[in-house]
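Protein chains in written order, with this note's numbering: chain D, 73 to 247; chain G, 73 to 247. Cβ atoms here follow ideal geometry from the backbone N, Cα and C, with glycine treated the same way. Step one of this worksheet: look at the structure below.
There are 2 protein chains.
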Amino acid sequence: MALGKDYATQECSIARALEVVGERWTLLVVRDALYGVRRYNDFLVHLGIPRAVLATRLQMLTEEGILEKRRYQESPPRDEYVVTDRGIALWPTLRALGLWGREHYDGTVLRSFQHADCGTEIGPYGECSACGLVVPVEDVLMLPGPGLDPDPANPVSRALLKPKRLLQPVVVDQV
Amino acid sequence: MALGKDYATQECSIARALEVVGERWTLLVVRDALYGVRRYNDFLVHLGIPRAVLATRLQMLTEEGILEKRRYQESPPRDEYVVTDRGIALWPTLRALGLWGREHYDGTVLRSFQHADCGTEIGPYGECSACGLVVPVEDVLMLPGPGLDPDPANPVSRALLKPKRLLQPVVVDQV
């Protein structure tokens, strides 16, 4: 059954959001961008996504102003994709989804997200209970949890094992 | 291009959640269930969704324990679908998505969600900033916003114009 991506009859901001980010893979591309993945090949390796789908998603996310294309090398020309403020604003959605998946399905912590300043686990509404504030995304420290069992052959997964702040570019060992 | 619904290589609670609720229409069915829609025909009318898709989504959501099927009439037998605690736990995700869609696309308030006790607009993670707590879903009051222009011929849309608490069954005028 062919299904479009629009929800023409729905007067609803949730439906509007899903028209933009509701397609398969889209939110995982945004997730990776928040984790600091920027390069086409790193998205490809980390997501295990078909090339054509990744190219379509990156183009759409760029057109929507959720990612921004930046030239990082001139010869040969190479671009990377950096998450914008509009993309960063999807963090509460991804955090809420992840907490739901953890509690109702995984039952274990795959990744821990802490307030970098004090090491407190971020709460269900993005807050640091110790400091009493909603933690800005750039101050969120991501660490592997006890339930994470990443593929050792995947260089992006390996790179994401090191504690790192969200948005900071991930450093992938070149093989 | 045929795309499955699984993300086999992703060790990630966000990906796990999207395997369950990431397909087209699924989150809008859950949204309606949180708004108090319970009956097959009311979902059908409000969503304008193909019958086969709605039936598949309701069955899947029931199997996943996100909705619960309840007999409300014996002769002829009729069931309704009531959102469970697991489904209610998706509210922060839907709230965050809706705020993102409002801020970055609609630019106007289609529906307002307030803490029923104090009238404060619920924040991006479902919290009340005035009371400093995550508002239980049953204490969220839904009201039409100034940007809402619902189809007057749609009885479910009409019924959802009245201020109501989430989860309370929507009362649709029989035509």
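Alpha carbon to alpha carbon, how far is residue i from residue j?
i: serine 85 (chain D); j: phenylalanine 185 (chain D); result: 27 angstroms
i: leucine 126 (chain D); j: leucine 116 (chain D); result: 7 angstroms
i: alanine 87 (chain G); j: leucine 133 (chain G); result: 17 angstroms
i: glycine 137 (chain D); j: glycine 120 (chain D); result: 24 angstroms
i: glutamate 140 (chain D); j: lysine 141 (chain G); result: 45 angstroms
i: valine 206 (chain G); j: histidine 176 (chain D); result: 19 angstroms
i: arginine 150 (chain D); j: valine 93 (chain D); result: 25 angstroms
i: leucine 213 (chain D); j: arginine 111 (chain D); result: 21 angstroms
i: arginine 103 (chain G); j: tryptophan 163 (chain G); result: 8 angstroms
i: glutamine 240 (chain D); j: proline 224 (chain G); result: 49 angstroms
i: glutamine 131 (chain D); j: valine 101 (chain D); result: 11 angstroms
i: asparagine 226 (chain D); j: valine 243 (chain D); result: 13 angstroms
i: glutamate 199 (chain G); j: glutamate 193 (chain D); result: 17 angstroms
i: threonine 156 (chain G); j: leucine 171 (chain D); result: 17 angstroms
i: valine 109 (chain G); j: threonine 98 (chain G); result: 14 angstroms
i: methionine 73 (chain G); j: leucine 220 (chain D); result: Residue confidence for methionine 73 (chain G) is low, a pLDDT of 45 falling below 50, so the modelled location carries little weight; the figure read from the coordinates is stated next. Spanning the two alpha carbons is a distance of roughly 31 angstroms.
Relative to the C-alpha of residue i, which candidate in the options has its C-alpha closest?
i: glycine 179 (chain D); options: D:Asp211, D:Gly217, D:Asp151; result: D:Gly217
i: leucine 232 (chain G); options: G:Leu106, G:Leu205, G:Trp97; result: G:Leu106
i: proline 208 (chain D); options: D:Val228, D:Asp104, D:Leu90, D:Arg167; result: D:Arg167
i: cysteine 190 (chain D); options: D:Gly173, D:Leu90, D:Ser201, D:Leu182; result: D:Ser201
May I ask you to list the residues that DSSP assigns as paired with residue i?
i: aspartate 221 (chain D); result: None, per the DSSP bridge assignment.
i: arginine 237 (chain D); result: D:Leu213
i: phenylalanine 115 (chain G); result: BP columns for phenylalanine 115 (chain G) are empty, so no partner.
i: glutamine 186 (chain D); result: D:Glu193, D:Leu213
i: arginine 143 (chain G); result: G:Asp151
i: glutamate 199 (chain D); result: D:Val206
Please decide whether residue i counts as near chain D, where near means a Cβ-Cβ distance under 8 angstroms.
i: isoleucine 160 (chain G); result: no
i: proline 235 (chain G); result: no
i: histidine 176 (chain G); result: yes
i: cysteine 84 (chain G); result: yes
i: alanine 225 (chain G); result: no
i: glycine 108 (chain G); result: no
i: alanine 127 (chain G); result: no
i: leucine 100 (chain G); result: yes
Please classify residue i as buried or exposed, where buried requires at least 16 neighbouring CB atoms within 10 angstroms.
i: aspartate 114 (chain D); result: buried
i: tyrosine 153 (chain G); result: buried
i: arginine 237 (chain D); result: exposed
i: proline 196 (chain G); result: buried
i: glutamate 210 (chain D); result: exposed
i: cysteine 203 (chain D); result: exposed
i: arginine 123 (chain G); result: exposed
i: serine 229 (chain D); result: buried
i: glutamine 82 (chain G); result: buried
i: alanine 89 (chain D); result: buried
i: arginine 183 (chain G); result: buried
i: arginine 158 (chain D); result: buried
i: glycine 76 (chain D); result: exposed
i: arginine 129 (chain G); result: buried
Nearest chain G C-beta to residue i closer than 8 angstroms, yes or no?
i: alanine 89 (chain D); result: yes
i: glycine 198 (chain D); result: yes
Under the criterion of a Cβ to heavy atom distance below 7 angstroms, does residue i qualify as lining the ligand HEM?
i: proline 218 (chain D); result: The model depicted lacks the ligand HEM and carries no ligand whatsoever.
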